[in-house]
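Same order as they appear, the protein sequences are chains A and B.
Here the first sequence is numbered in this note's numbering, starting from 1 and rising by one per residue.
Here the second sequence is numbered in this note's numbering, starting from 1001 and rising by one per residue.
Just so you know, even glycine gets a beta-carbon here, dropped at the ideal spot from N, CA and C.
Note sheet for the following structure.
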Amino acid sequence: MEINIGLADVMRISPMIAIFIASLLPITTKVLSGNKEPNNLVTLIQGIAGLIVGLVLLTVVGGSGELAFSKSLVFDSITLWMGALAILSAMGAIIIMYENFATNGKQFAELVFLALNSVVGMLILVSAMDLLTLFVGLELMSLTLYLMIAMSHEEKLSKEAAFKYFLLGSFASAIFLYGTAFVFGTTGSTNLITFMQEASSLVQSNRLFLFGISFVILGFCFKVSIAPFHAWTPDVYQGAPTPHTAFMATAVKVVSFAAFLRVIATKSLVGSEGLFDVLQWLAVITMIVGNVGAIVQTNLKRVLAYSSISNSGYVLVGVITAGISDTGFFGASAVIFYLFSYCLMTLGAFAIVSILEKNENHMISLDGLKGLASRRPVYAFCFALFLLSLAGIPPSIGFFGKFYLFNAAVGEGLIWLAVWGVINSVISVYYYLKPIVYMYMTEGESEIAGHNLSATTVTMIVSAVFIALLGMLSGPIFSAVEKSFIN
Amino acid sequence: MLLSTVIFLPLFFALVMTFWPQQRTLRHLALGFSLVEFLISLMILSEFDIGSARLQLVEKITWIERFGIQYFVGIDGISLWLVLLTTFITPIIILASWQSIDTKVKGFHACLFLLQTAMIGTFLAMDAILFYVFWELSLIPMYFMVGIWGGARRIYATIKFFIFTMAGSVLMLVAIIYMMYLTQQATGVMSASLLEFYKVQIPFVAGTLMSQQTLLFFAFALAFAIKVPIWPVHTWLPDAHVEAPTPGSVILAGVMLKMGTYCFLRWVIPLFPDATEYWSWLFLSLGVIGIVYGALVAMIQPDIKKLVAYSSVSHMGYIILGLFVLNQYGITGGIYQMLNHGVSTGALFLLIGMIYERTHSREISKYGGLAGVLPIFTIFFFIITLSSIAVPLTNGFIGEYLILMGTFKAAPVYAYIAVTGVVLGAAYMLWMFKRVFFGEKGELVKDEHHPLHDLNLREIVVMVPLVILVFWMGIFPNHFLNWTKSSVDHLVNNKSKYYLEIHETKVAKGIEYGN
């Protein structure tokens, strides 16, 4: 195999390089100044600046559909949109880290270093066209994340969460690699472009190939917490510091779905009806498990964790739609738009949780929201908006996200999935309304944390404004996403 | 731009209310705003072409081009009076809640105006997605209204209300999406416009549930049936009514329930004519059951508000009966009864709210002999009671008479049973009236430490417009029915293949009118 790397290849990965260099700035400063913690605000600005540069470079190089590094990386629409979304979510998460008790203060420089490297892993993951490159991205993203969670100033739960996530994540990675080995064994290649050409016939004739590709998919299912591989999610989301939970629930989920979509939407697994039947059932089960599970939770972060599981179920509907349609653009665009709306809502909701946390060991229960509306009307209003949008009430962006997703599903004849989806959004209304009941309809002593929270508040308000307005203006955005596929 | 103004002006008012710095002038401001809105909505009458069945004052702007979704509003004889009812009842509600709402006044009025936007939008939207947005949006302010200002079990009631309504409407969303694809198949262009939907011939197979038209029919009908509510999905209504604050109950009974019946007329009957015809027996039966069941259950209620809530179930049964007999009398009666119910039941809830403010109890057994103590209140209550039991010269009579006449013509069996509802209705209302107003003075009435005061000027001002309307609608029904006649004729004559055209000369000025 001839390996030929030119300057063009390096130019295309410039976003990754830029973010990596930016990630080195804070820890280099720290080491050079005798291991004295640099000013957190400077660290934050360095991190954000690195991400912005990465985002700008990504918009320049992404979306062209060109390949790099002998077909192992691709810069198409999925790379562009999902990568941008991951960078933006990471930006929001880092801002929340700056003001959260469990993450600010000492070791913030290391934290930003890890977070930015996680983003580099994400960008590799969204652009990977080769199962092994994909694996490298996945691991880079996950390993830094395990460390980030374990670094929390909170003593007990975060360590448990990190360890649990690490063990189960390693298992999933092993299964993913195992599947990759079978794919390589049957097709002689790990490159998606190469082996997917034969996949449509292989998936029917060759059991080993089907076995391998199923394991690869199973690895993704773990990462995006599709039931029954979701069990780690509530514990990890609860134990991890809130900003990291926000990071996992948004950026990590987006890029994992991007890679999932890339494997599924190459349109060569179509021959395998059994595979898609199973995926459809998984989507339905995930929605139900997530929504029913959330009803009985009393810890706010666990509620949001289960909500995130159920949202994975909705997105999986879109991924399946993209997988079975002839063109796949509509389904993929619906997935991208849905993830966009989901990131806004989830980031906003976790920002609120972070705002309410009064010290690093503080767990927010639903009771802890009592009477927030009379004391902090703006925060309560924004949180209510996020929850109603998550429940899919128009005219918020959450409704339009679901509308496009189910529209794509109905268009491909998957009406029953759409019906399950909407039934589940009714179930979800119950637990999304509960915090609103506590905030607005009961008296209590709830109060936000006492220190300066301006950056997190800004993040929250920006999300709220987008949620309120971008729903109604979603038409052009959606068309832009879809058109970028055709070009 | 008239219709858009009517729809979005309350939204603007809601925003102004939210940021209004003063507490003291909030109510005056809200009252002024709602009167302005009412006056503007009256301008629709002057613009409206009474002789045309077409869609008038149309505004049409592309919203989401990819799916053919438009901002498309228009008015015809079916929606005309419901819009005016909404704008008419809001100032009354604000005036009636002058003293009863004393916490979070700002939020309350903001909710009220937001609700007004959502309800008017639901009546005027001619695009399925736009309609759905307004339809669902109306849940949120009502949810807060019951949940924040309601009674003891308000949280249970409001969540039940929200989930019931939402459960019905999500299947409608899937049905709407499916209709959009059917429209694309039929015309080649995807569209969410109701007028395009009307043109689609949806395959119908009698005798099976699994035909396209039947499934779509039930997906839509379920959403509206829960909203109406039709027996047996009515159980959220008594809870919501009892727990809601007076203004909430009035708006719920006065306007929100009509969203359900109106949508049957606007969406279900014209879109799915075959399924409607085939399944009309089901809805006629449920309507009749609702009439009798509601009346019987109302009779034994110890709580006045709950009694009126169940009487609503009974009255809404009449409207369903009227709509599904599918003839001129029935549908005209149905539309008229929607207005009647809004006026009379709204007025009943207002009166109950007034007495509740004085005694803080709604138990019938604690009252008695009220007539001697509160004469003005008694007179108002008596007039509204007569209207509610459909005595001639009051509005209720016209509506029920037309509905029953239509039913006798089309399906006499149902009429025989429905007529018993008239008798039962008189029975429970008059019995309640007797127990509350006559006889020995009850414990609340003779309590000498808290003497009861008769209605003050504000409360009389609240009631007078409603009483005028009761007699006006009862004595001169044609003043109202003339406006709806063309649309109803058009619907009945074309019920198997309904279509709706846009009134070219009555397209809103300044709006470019395409395709």
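Please report the residue range of the beta strand (DSSP E) in which residue i lies.
{"i": "Glu-1072/B", "result": "The displayed chain sequence assigns Phe, not Glu, to residue 1072/B. Element bounds for Phe-1072/B: 1069-1075."}
Can residue i and residue j be called in contact, C-beta distance under 8 Å?
{"i": "Ile-1502/B", "j": "Arg-1066/B", "result": "no"}
{"i": "Tyr-1278/B", "j": "Glu-1400/B", "result": "no"}
{"i": "Phe-1283/B", "j": "Ile-1320/B", "result": "yes"}
{"i": "Ile-1044/B", "j": "Val-1073/B", "result": "no"}
{"i": "Ala-1309/B", "j": "His-1241/B", "result": "yes"}
{"i": "Ser-354/A", "j": "Thr-242/A", "result": "yes"}
{"i": "Thr-1385/B", "j": "Met-1429/B", "result": "yes"}
{"i": "Phe-383/A", "j": "Pro-435/A", "result": "yes"}
{"i": "Met-1259/B", "j": "Val-426/A", "result": "no"}
{"i": "Val-53/A", "j": "Ser-127/A", "result": "no"}
{"i": "Ala-283/A", "j": "Val-1174/B", "result": "no"}
{"i": "Val-183/A", "j": "Phe-195/A", "result": "yes"}
{"i": "Ala-1157/B", "j": "Ser-1138/B", "result": "no"}
{"i": "Ala-449/A", "j": "Leu-356/A", "result": "yes"}
{"i": "Met-1316/B", "j": "Pro-1245/B", "result": "no"}
{"i": "Pro-1128/B", "j": "Leu-1194/B", "result": "For the sequence presented, residue 1128/B should be read as Ala rather than Pro. Yes."}
{"i": "Ser-333/A", "j": "Ala-391/A", "result": "no"}
{"i": "Val-1373/B", "j": "Val-1445/B", "result": "yes"}
{"i": "Met-248/A", "j": "Leu-145/A", "result": "yes"}
{"i": "Gly-1290/B", "j": "Val-1255/B", "result": "no"}
{"i": "Thr-457/A", "j": "Gly-371/A", "result": "no"}
{"i": "Ile-1093/B", "j": "Val-1250/B", "result": "yes"}
{"i": "His-230/A", "j": "Val-289/A", "result": "yes"}
{"i": "Ile-149/A", "j": "Ser-142/A", "result": "no"}
{"i": "Ala-1390/B", "j": "Val-1422/B", "result": "yes"}
{"i": "Leu-316/A", "j": "Trp-232/A", "result": "no"}
{"i": "Leu-116/A", "j": "Gly-62/A", "result": "no"}
{"i": "Met-345/A", "j": "Ile-213/A", "result": "no"}
Which partner residues does residue i have in the DSSP bridge list?
{"i": "Ala-128/A", "result": "Leu-73/A"}
{"i": "Ile-1502/B", "result": "Leu-1055/B"}
{"i": "Leu-414/A", "result": "Answer is none; Leu-414/A lacks a bridge partner."}
{"i": "Glu-66/A", "result": "Phe-75/A"}
{"i": "Asp-1303/B", "result": "Glu-1363/B"}
{"i": "Asn-299/A", "result": "Ser-365/A"}
{"i": "Asn-191/A", "result": "Asp-130/A"}
{"i": "Ser-1193/B", "result": "Asp-1127/B"}
The alpha helix (DSSP H) that contains residue i, what's its start and end?
{"i": "Ala-1253/B", "result": "Ala-1253/B -> no alpha helix (DSSP H), and no H or E assigned at all."}
{"i": "Ser-341/A", "result": "329-356"}
{"i": "Thr-28/A", "result": "14-32"}
{"i": "Met-287/A", "result": "273-295"}
{"i": "His-1241/B", "result": "1236-1243"}
{"i": "Gln-1185/B", "result": "1154-1187"}
{"i": "His-244/A", "result": "242-247"}
{"i": "His-1479/B", "result": "1478-1493"}
{"i": "Asn-489/A", "result": "For residue 489/A there is no data in the structure shown, the boundaries of chain A being 1 and 487."}
{"i": "Leu-1215/B", "result": "1212-1227"}
{"i": "Arg-262/A", "result": "253-264"}
{"i": "Val-216/A", "result": "207-223"}
Give a yes or no on whether the minimum CB-CB distance between residue i and chain D is below 8 Å.
{"i": "Tyr-430/A", "result": "The chain inventory of the structure shown lacks chain D, comprising the protein chains A and B."}
When every heavy atom of the ligand SAM is checked, does at least one fall within less than 7 Å of the C-beta of residue i?
{"i": "Phe-1067/B", "result": "This structure lacks the ligand SAM, and indeed carries no ligand of any kind."}
Quick one: which residues of the stretch 432-446 of chain A get their C-beta closer than 7 Å to a C-beta of chain B? List them in chain order. Leu-433, Val-437, Tyr-440 and Met-441
Pick out the complete alpha helix (DSSP H) segments inside the stretch 1315-1402 of chain B, 4 residues or longer, and give them in chain order. 1328-1359, 1370-1373 and 1375-1388
Contact residues within the stretch 303-323 of chain A, judged by C-beta distance below 9 Å to chain B: none
Ordered list of alpha helix (DSSP H) runs contained in the stretch 1046-1133 of chain B, each at least 4 residues: 1077-1096 and 1105-1124
Give me the subset of the stretch 1219-1242 of chain B whose CB atoms are less than 8 Å from a CB atom of chain A, sorted by chain position. none
Chain A contacts from the stretch 1061-1085 of chain B (Cβ-Cβ distance under 8 Å): Trp-1063, Ile-1064, Glu-1065, Arg-1066, Phe-1067 and Ile-1069
When Cβ atoms are compared, which residues of the stretch 1142-1155 of chain B fall closer than 8 Å to chain A? Tyr-1143, Phe-1144, Gly-1147, Ile-1148, Arg-1154 and Ile-1155
Enumerated in chain order, which unbroken segments of the alpha helix (DSSP H) with a length of 4 residues or greater are wholly contained in the stretch 1410-1467 of chain B? 1412-1437
Please identify, using Cβ separations under 7 Å, the residues of the stretch 364-388 of chain A that lie next to chain B, in order along the chain. Leu-388
Proximal residues, the stretch 322-345 of chain A versus chain B, C-beta separation under 7 Å: none
To be precise: take each residue of the stretch 1157-1177 of chain B, compare its Cβ to all Cβ atoms of chain A, and keep it if any distance is under 7 Å. Which residues remain? Ile-1159, Phe-1162, Ile-1163, Met-1166, Ala-1167, Val-1170, Leu-1171, Leu-1173, Val-1174 and Ile-1177
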